[in-house]
Each structure stands twice: as structure tokens, then as C-alpha cells.
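Engineer:
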Amino acid sequence: MGLELQRRLRNLFGAGRKRYFGDDFNWETYTRDKYGPQLERMARTRTLRVGADVRFDEASGTLDCGTARLHPNFRAVYELVGLLKPASVLEIGCGGGDHLANLRSIYPGIKLSGVDRSEGQLALLAQRNPDIAPLVSVRDMTMPWSSQWEVSDLVYSQAVIMHINTAVSHLVALSNMFRLARNHVVLMENYACHPFHEDVMRLFNGGQLGWSQIHAYAHRVDGQPYCLVYSREPQALPPLTDYMLLPGASEPKYK
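Residues in the sequence shown are numbered from 29 upward in steps of one, following this note's numbering.
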């Protein structure tokens, strides 16, 4: 039996896997198996935690990265927070907490919170970004909606929903994101993993988002459509005209 097949079988039938049998990862062991090593690799070429030199420039409406070597995915989300000016922001799948720590550094006046369904991820967050620990909690966004969940002005995900493939779980997660969002939802994902815009609009037309109206935009990075943005009210952002212009969307991997 090949090593790759053995790995897939372990992921499929390992401890805690039954609930996530179709997902890309076993979320119970994700921190050990994937997230930790991934952080180490990325830190060699990218800035993971920003300093005071990274700031949002109101005049240009762009993020001034200073000397930071930010991944374009990070820049897109941080820049959108500056453009949309929410009073509160919720991160879905907050992992080790670097994005929340960075947003606190750039926008100290915004109320921040985060959720993750992996206790291992939040244990890493408590070590890596202890100041953020009081802002986060364990929550599985693929579970049914709870009226006890607190809403935020802006809700975003950064490379999270793309990994959810068990049955209709990613649709449940998307629906919950919109129900948690008072004004905006930002999806910074691999747009080839799911037909995200098609899914969002199908949920909207089925009355499953809790919004009475929706406006779709494609935030640009370096002049190119890069990040999906949804708002209840019209925004001064480039409208989404062609989903396939988003990074990777023209090479679908839909499951």
C-alpha cells in the first residue's frame, strides 16, 4: 500500500474523522499535521505578523504594507476592512490568530472576534497570540444556526470554506456567515474549490441567508479581481462581473 493511500485512509477513518469524512483535513489533528508546518514554511518568505509600519491609507484607499512582505490574500482582507469601515469584525476559522492580531495592530478601534471548530487551533492561538485568546471561541460553522451567536458588522473567511466538502456542510457554513454578518461578508478563498458565487446566490434566492438584498463585488489587488465581497447596501467597490476572473476560478475543482 502506497504512503499516500495510507495517509488518505488515516485521514478518512482516524479519530474524529467521521464528522468530516469529505473535508480536506481531519480537523482534530489539523494543527499538528498541516497548519503548524504550513506556518513554518510561509514564515520563510512572507510576513505573518505585522508591525506599526503597516497601515491603511485613507487617501488612496489602499493598505500601505511598509516593509512587510504580506501575502496578497492577507492584504486583500486587511484592505477591505479599511475600505468598509466596520465597527466589528468576526473571523471564521481564526486558526493561530495572526489575522486577528494584525487587524488589531492596523485598526485598534475595531471590535474583533474569531471562531474555530478545532480546540487544537485555539490552543495554538493562545500560545502564539495570547492577547487574542479572550476574543475567540470554539464554534463549528457547519452546525445549525444558533440565536446565541453574536453578530458582527463584517464576517470573513481566509482559506477556510474551500476545505469543507462533507455533504452540504460548506453551504451551511456560508449561510451561517451571512446570518452572522450585519453588513458585509468577505470570502478570501480558492475560488476553484466551490462555485462560491453561484452557491451564495442560490442560498440568497432560497431565503437561506437572512438578507433582504445583496450586492456582489470583486475587490482588486494590483488591478486584478481578487476577493469576493458581499454587502447588504451598495458600496463604492468594483462590481463582480465575471466570477471566472477571480484567481484560479477558471480551473474548477468543484467536488
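Ideal Cβ positions, reconstructed from N, Cα and C, are used throughout, including at glycine.
Taking three-plus beta-carbon pairs below 8 Å as touching, is the segment 219-237 in contact with the segment 191-202?
Structural biologist: yes
Engineer: Exposed or buried, what is Ala264 when buried is set at 16 or more other beta-carbons lying within 10 Å of its beta-carbon?
Structural biologist: That one is exposed.
Engineer: Give the straight-line distance between the Cα atoms of Val78 and Ala71, rounded to the nearest whole angstrom.
Structural biologist: Using only the alpha carbons, I get a separation of about 12 Å.
Engineer: Can you tell me where the beta strand (DSSP E) with Glu119 in it begins and where it stops?
Structural biologist: Glu119 -> beta strand (DSSP E) spans Ser116 to Ile120.
Engineer: Since I believe Tyr184 is in contact with Met216 (beta carbons under 8 Å), could you give me their beta-carbon distance rounded to a whole number of angstroms?
Structural biologist: 7 Å
Engineer: Going by the beta-carbon positions, is the gap between Leu208 and Ser165 smaller than 8 Å?
Structural biologist: no
Engineer: DSSP three-state label for Leu208, please.
Structural biologist: helix
Engineer: Pick from Pro158, Ser240 and Cys255: whose alpha carbon is nearest that of His247?
Structural biologist: Cys255
Engineer: Pull up the distance between the alpha-carbon of Leu140 and that of Thr170, whole angstroms please.
Structural biologist: 21 Å
Engineer: Can you check the segment 82-143 for any alpha helix (DSSP H) of at least 4 residues that lies completely inside it and give the ranges in chain order?
Structural biologist: You should have 100-112 and 126-134.
Engineer: Between the segment 148-166 and the segment 91-106, can you find at least three pairs of beta-carbon atoms closer than 8 Å?
Structural biologist: no
Engineer: Between which two residues does the beta strand (DSSP E) holding Pro253 run?
Structural biologist: Run containing Pro253: Gln252 to Ser259, per the beta strand (DSSP E) assignment.
Engineer: Please report how far the alpha carbon of Arg260 lies from the alpha carbon of Tyr245, in whole angstroms.
Structural biologist: One alpha carbon belongs to Arg260, the other to Tyr245, and they sit about 11 Å apart.
Engineer: Taking buried to mean at least 16 other C-beta atoms within 10 Å of its own C-beta, is Arg97 buried or exposed?
Structural biologist: exposed
Engineer: Hey, how far is the Cα of Asp51 from the Cα of Lys62?
Structural biologist: 13 Å
Engineer: Suppose the cutoff is 6 Å on Cβ atoms and the five residues either side in sequence are ignored; what does the same chain contact list for Arg210 look like?
Structural biologist: Taken in chain order, the residues that qualify are Val179 and Asp181.
Engineer: Can you find at least 3 beta carbon pairs, one from the segment 132-150 and one from the segment 54-61, that sit closer than 8 Å?
Structural biologist: yes
Engineer: Assuming Phe206 and Gly235 form a contact by the criterion Cβ under 8 Å, report the distance between their Cβ atoms to the nearest whole angstrom.
Structural biologist: That pair is no contact at about 11 Å.
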